[in-house]
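Here's the structure, in C-alpha cells; my notes come after.
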Amino acid sequence: MSAGGGKKAILAALSANAGIAVAKFVGALITGSGSMLAEAVHSVADTGNQALLLLGQRRAAQEADALHPFGYARNRYFYSFIVALVLFTLGSGYALYEGVHKIQHPEELSSPIVAIVILLIAIALESYSFMTAMRESAPLKGDASWWRFIRNSRSPELPVVLLEDTGALIGLVFAFAGVGLTMLTGDAVWDGVGTMAIGILLGIIAIVLIIEMQSLLIGEGATPAEDRLIRENLVDGDRIDRVIHLKTQYLGPEELLVAAKIGAVPGLDVAQLATAIDDAEARVRAAVPAARVMYLEPDLYRTESV
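Numbering-wise (our numbering), the sequence shown opens with residue 551 and increments by one.
Shown next as C-alpha cells:
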C-alpha cells in the first residue's frame, strides 16, 4: 500500500466520522438515546483514530539516523496499535457502561424520529467511507478474501479503516434497532440493549486489531508468496546454487529486511562472487520491491549447515 493510497481512505473516514459525531451528539441531546450517545462517542473515537493514523504516517517518513538506523517506518504500526487500544477503551468501554446504565435505569426517548433520521444519514456517510477503503484495498487484496487480506496485510492503515467502518455500520444497525424497538414497544430497555450490543461489537473488533497490530509491531516476516519469490530469485543455478537459510522481517509496511546465507559454487573468485551477489539482490528486488534492505552471506553448502 502506498502512503498516498492509505491517506485517501483515512481522510475519507476522518471527514465522515467528524460529521457523523456532531450529528449523533445533537441527536443524543434531543432524544436522550443511550445507543445514540454510545454511537456518538464511537464516532469521536474513530475521528481521533484517523488523526492518529495520519500522525503515524508523518512520523514514519522521518529519515533514518544514528539512533534508528533502519528508519522510523514502524511508527505506522505503533500508532495503529494505539488506535486499537483507543477503540477498546473509549469506544467499547463507554458503550458497555452506558448500556448497563440504560438497562438498569431506562429513560423514555423524546423525538425518537430525530434519532432515526440522523442514523440513516450516518449510515450513508459511513457507507461512503467504507466503499472508499474497499476501493483502495482491492488492488492489494487480489483474489484473497477480505478476512485473509486483513490478517496477512503488512500495511496497517487500510485493515484498521476497513474494520472500523465495518464496526461503525453494524453498530449503526444496532442503534437503529434499539431506537426502533423502543419506539414500537414503548420499552426504553431496548435502547440499552442496542447500546450493549454496540459495546460488545467494538470490543471484538478492537481485540482483533490489537492482536494484528501487536504482531506487526514486534516484527512479521515475508508472506509465504514473497518468501517463495525471494528463494527462487536468490538462486541462479550457475554461481549461486542454493539458499542455505533465510530470515526476513518487515521494518515497516513497505520495507522488508532480507538476510540470507547462500550457497556459492566452488571456484568463484572475489569479483565473480561480488557480481553474483549484486545480481541476486537485483533479481530479488525486481520480484519483491519491498525487499529494500538485503544482507547476503556466501558460503559453501555443508549437509550439517542449518
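Every residue, glycine too, gets a C-beta built ideally from N, C-alpha and C.
What are the partner residues of residue i, as DSSP defines its beta bridges?
i	result
Leu796	Ala810
Leu751	Paired residues: none, contrary to the question.
Leu846	Ala810
Ile790	Ala814
Glu805	Gly802
Do residue j and residue i come within 8 Å of each other at the CB atom, strictly closer than that value?
i	j	result
Glu762	Pro848	no
Val843	Val808	yes
Pro803	Arg704	yes
Pro689	Leu766	no
Gln764	Phe680	no
Phe628	Ala756	no
Leu719	Leu759	no
Ala841	Ile780	yes
Val591	Leu670	no
Met746	Leu646	yes
Leu604	Val633	no
For residue i, which option in the options has the closest C-alpha, if you only look at C-alpha atoms?
i	options	result
Asn599	Leu617, Leu561 and Asp737	Leu561
Asp642	Asp819, Arg835 and Asp596	Inspection of the sequence shows that residue 642 is occupied by Ser rather than by Asp. Out of Asp819, Arg835 and Asp596, Asp596 has the C-alpha closest to the C-alpha of Ser642.
Ile827	Arg626, Lys558 and Asp786	Asp786
Leu752	Gly717, Ala772 and Asp777	Gly717
Pro619	Phe628, Leu801, Ile580 and Gly771	Leu801
Gly621	Glu805, Val650 and Val667	Glu805
Ile815	Ala578, Arg789 and Leu779	Note on identity: in this sequence residue 815 is Val, with Ile being the wrong assignment. The shortest C-alpha separation from Val815 is found at Arg789.
Trp740	Leu604, Glu657, Lys811 and Glu676	Glu657
Ile570	Asp737, Asp715 and Thr735	Asp715
Ala563	Thr773, Glu613, Leu675 and Arg833	Leu675
Phe699	Val834, Val723 and Thr773	Thr773
Arg835	Asn783, Ala738 and Gly817	Asn783
Ala559	Ser593, Ser687 and Leu669	Ser687
Gln857	Ala616, Arg624 and Ala672	Only positions 551 to 856 of the chain appear in this structure, which leaves residue 857 out of reach.
Leu846	Asp829, Arg778, Leu818 and Gly577	Asp829
Gly577	Arg626, Ala672, Gln654 and Ala616	Ala672
Ile754	Gly721, Ile812 and Gly742	Gly721
If you follow the alpha helix (DSSP H) that residue i is part of, which residue opens it and which one closes it?
i	result
Pro689	Pro662 to Lys691
Gln600	Gly584 to Ala610
Val723	Glu707 to Thr735
Asp829	Val820 to Ala837
Val774	In the sequence on display, residue 774 carries Pro and not Val. It spans Pro774 to Leu784 - the alpha helix (DSSP H) in which Pro774 sits, taken as one unbroken run.
Leu646	Gly643 to Gln654
Arg701	Trp696 to Asn702
Ala566	Ala553 to Thr581
Tyr629	Asn625 to Val636
* Report yes or no: do three or more beta-carbon pairs, one from the segment 573-588 and one from the segment 721-736, lie closer than 8 Å? => yes
* Segment contact flag, the segment 644-651 with the segment 765-780, C-beta cutoff 8 Å, min 3 pairs -> no
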